[in-house]
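Here's the structure we're looking at; comments come further down.
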Amino acid sequence: MAQEKYQSAIKKLHECMAACNHCFDSCLQEDNVKMMAGCIRLDRECADICSYLEQALVRNTPFVSELAQLCAEICLSCGDECKQHDHQHCQECAQACFECAEECKKIAS
């Protein structure tokens, strides 16, 4: 069953999606929201692809490799952006993104 095969990836994808959504919401509360625009945009992109890939893995998509590769790239971009900001939510998001990217790379190959 696909869900069991990808259990670790599904967990990391869900954690990353949640971290990105939290970061997105927290960035909107920052004093200089304009400065956080890149972070906010990538948080949305990353949360969306993680959510999509999580669902796709559960339904055993035939596009595992392609979607996982794309997800890894977006997670790395989001993580790189978030790590530039000192906010705790950004640092936690970056960590979740990097962990998710590593998991995605494993299933992409």
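Take any residue in the sequence shown, note its place counting from 1, add 63, and you have its number in our numbering.
Every residue, glycine too, gets a C-beta built ideally from N, C-alpha and C.
Just so we're clear, the structure is a prediction, and the values are computed from it rather than from any experiment.
- If the five residues before and after L133 are omitted, its C-beta is found closer than 7 angstroms to the C-beta atoms of I112, all from its own chain and listed in chain order.
- When the beta-carbon positions are compared, C109 and C138 come within less than 7 angstroms of each other.
- A check of alpha carbon separations from C160 across E166, F87, H77 and G142 identifies G142 as the nearest.
- By the beta-carbon neighbour count (other beta carbons within 10 angstroms, threshold 16), S89 is buried.
- When C-beta atoms of the segment 64 to 80 are compared with those of the segment 114 to 133, three or more pairs fall below 8 angstroms, so the two segments count as touching.
- According to the DSSP assignment, N84 belongs to the alpha helix (DSSP H) that extends over Q70 to C90.
- With respect to I73, E117 sits close: the two C-beta atoms are nearer than 7 angstroms.
- The beta carbon of K168 sits closer than 7 angstroms to those of A135, all from its chain and outside the five residues before and after it, given in chain order.
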